[in-house]
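In our numbering, each residue's number is its place in the sequence shown (first place is 1) plus 332.
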Amino acid sequence: MLKFANMNKYLDIFLNSFSDYFNYLVNEVSNPNWSNYFYWLIALSVFVWLIEILIPWRKNQPVFRKGIWLDTFYIFFNFFLFSLIGYNAISNIGVELFSDFLGLFEIKNIVAIQVNQLPVWVQLLILFVVADFIQWNVHILLHRIPVLWEFHKVHHSVKEMSFNAHFRFHFMETIFYKTAQYIPLAMIGFGIQEFIIVHLFTVLIGHLNHANLNWNYGPLQYIFNNPRMHIWHHAKELPKHKPFGMNYGISLSIWDYLFKTNYVPKNGQNIELGFEGDEDFPDQFIHQTKAPFIRK
Ligand SMILES: [Zn+2]
Ligand SMILES: [Zn+2]
333 MLKFANMNKY
343 LDIFLNSFSD
353 YFNYLVNEVS
363 NPNWSNYFYW
373 LIALSVFVWL
383 IEILIPWRKN
393 QPVFRKGIWL
403 DTFYIFFNFF
413 LFSLIGYNAI
423 SNIGVELFSD
433 FLGLFEIKNI
443 VAIQVNQLPV
453 WVQLLILFVV
463 ADFIQWNVHI
473 LLHRIPVLWE
483 FHKVHHSVKE
493 MSFNAHFRFH
503 FMETIFYKTA
513 QYIPLAMIGF
523 GIQEFIIVHL
533 FTVLIGHLNH
543 ANLNWNYGPL
553 QYIFNNPRMH
563 IWHHAKELPK
573 HKPFGMNYGI
583 SLSIWDYLFK
593 TNYVPKNGQN
603 IELGFEGDED
613 FPDQFIHQTK
623 APFIRK
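The following block contains the structure:
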């Protein structure tokens with residue numbers, strides 16, 4: 333049973349995480365350098381945007397396409413305010429709750445695999461592949477479970493694709509994804525530092541997946557998700573045999589090919605994007621954020 337003293341401990345963890353990450357963020361923004369998360373995200377965004385402007389797939393799509401400002405706002409909201417500050421505060425409690433729960437059964441250590449003995453690049457590779465597979469599964473649930481789909485609709489409300497559409501998603505998605513992924517990864521002993529390196533790599537791939545680029549990386553398309561594949565994930569009209577959608581891959585496409593959820597029937601350059609009924613979906617941040625909580 334959770335005692336009152338414990339509740340205070342969790343509250344402390346929550347508040348400390350907030351102030352720690354707030355300080356961290358202020359420090360990041362005020363000290364530009366090569367290991368700086370904030371400037372890497374901006375650099376990656378500008379980089380992918382420039383390629384898109386130089387060699388666009390849909391030549392008639394405006395550089396300042398529909399939704400560009402909304403999505404730029406989403407980058408800052410989802411990445412900094414929520415992902416770095418708010419989410420870490422919640423996840424630190426998650427880890428503490430979990431170890432307290434194990435403590436009830438007098439289990440002190442559940443680390444089954446000693447990953448920290450392995451070379452760093454092997455650790456990063458394991459982290460990347462395991463996290464991606466977990467996310468692929470979560471993504472399928474977002475499409476199949478009606479309550480979760482209400483949140484995921486925000487991401488599918490994109491009507492014109494560009495790199496920053498990547499970050500248009502409801503903040504609850506961070507909770508769904510990270511809870512499913514952080515707990516098992518923390519159990520095998522990965523720290524937040526490793527998360528950041530892997531995370532930047534996934535940001536680059538994710539930006540490219542949504543970019544206005546005619547790329548599929550040739551034979552690597554069967555390993556990595558890519559713009560020509562992910563655009564079909566956003567198709568408004570779904571094939572009869574795939575009523576919940578297809579191409580659920582986040583960074584890797586290999587899971588879709590392995591489990592037969594892949595679908596790239598033709599060049600998807602000009603297919604209509606969205607979902608059934610998206611005409612009535614709000615196009616402002618605040619209304620999109622509230623939408624899943626409102627009973628219809
Ligand atoms: Zn989706
Ligand atoms: Zn997407």
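By construction, the Cβ of each residue, glycine as well, lies at the ideal position given by its N, Cα and C atoms.
Is the CB-CB distance between residue i and residue j below 9 Å?
i	j	result
Gly435	Lys491	no
Gly317	Trp564	Absent from the model: residue 317. The displayed extent of the chain is 333 to 628, so no value can be given.
Met493	His573	no
Ile582	Thr534	yes
Gln393	Ser489	no
His475	Phe576	yes
Leu584	Val530	no
Ile387	Leu545	yes
Thr506	Asn363	no
If we ignore side chains and look at the alpha-carbon of each, how far apart do residue i and residue j end up?
i	j	result
His562	Asn541	6 Å
Arg390	His498	18 Å
His471	Tyr580	6 Å
Ile537	Leu429	33 Å
Asn355	Tyr369	14 Å
Asp352	Val361	14 Å
Pro559	Ala543	6 Å
Phe625	Pro451	45 Å
Val380	Phe433	44 Å
Pro551	Leu590	15 Å
Gly606	Val486	10 Å
Val461	Tyr554	14 Å
Gly609	Leu382	33 Å
Ile618	Phe405	11 Å
Gln616	Phe501	12 Å
Val479	Ile586	27 Å
Glu604	Trp481	19 Å
Met504	Trp468	16 Å
Glu569	Phe613	17 Å
Pro348	Tyr342	The displayed chain sequence assigns Asn, not Pro, to residue 348. For Asn348 and Tyr342, the distance between alpha carbons rounds to 10 Å.
Lys592	Asn359	45 Å
Leu459	Gln449	14 Å
Trp372	Trp401	20 Å
Val395	Phe437	58 Å
Asp344	Val454	35 Å
Leu473	Met578	12 Å
Phe508	His484	11 Å
Glu384	Lys598	21 Å
Asn602	Lys622	30 Å
Arg627	Glu611	18 Å
Ile407	Asn338	35 Å
Arg397	Asp588	30 Å
Ile528	Val378	19 Å
With a cut-off of 8 Å on the beta carbons, I'd call residue i and residue j a contact; round off their distance for me.
i	j	result
Asp403	Asn340	Incorrect: roughly 40 Å between the Cβ atoms, too far for contact.
His539	Leu357	The Cβ separation is near 21 Å, so there is no contact.
Tyr549	Pro571	The pair is not a contact, with the Cβ atoms about 24 Å apart (cut-off 8 Å).
Leu532	Ala463	The pair is not a contact, with the Cβ atoms about 13 Å apart (cut-off 8 Å).
Gln513	Ile466	5 Å
Residues bridged to residue i by DSSP?
i	result
His556	The question names His, yet the displayed sequence has Phe at residue 556. Looking at the DSSP assignment, Phe556 forms a beta bridge with Leu584.
Ala567	Leu605
Return no unless some Cβ of chain C is closer than 9 Å to the Cβ of residue i.
i	result
Val596	Annotation note: the requested chain C is absent from the structure, which comprises a single protein chain.
Next item on the list: Just jot down, in chain order, the residues whose CB lies closer than 7 Å to any heavy atom of ligand 1.
Entry: Those residues, listed in chain order, are His471, Leu474, His475, His484, His487, His488, His565, Gly577 and Tyr580.
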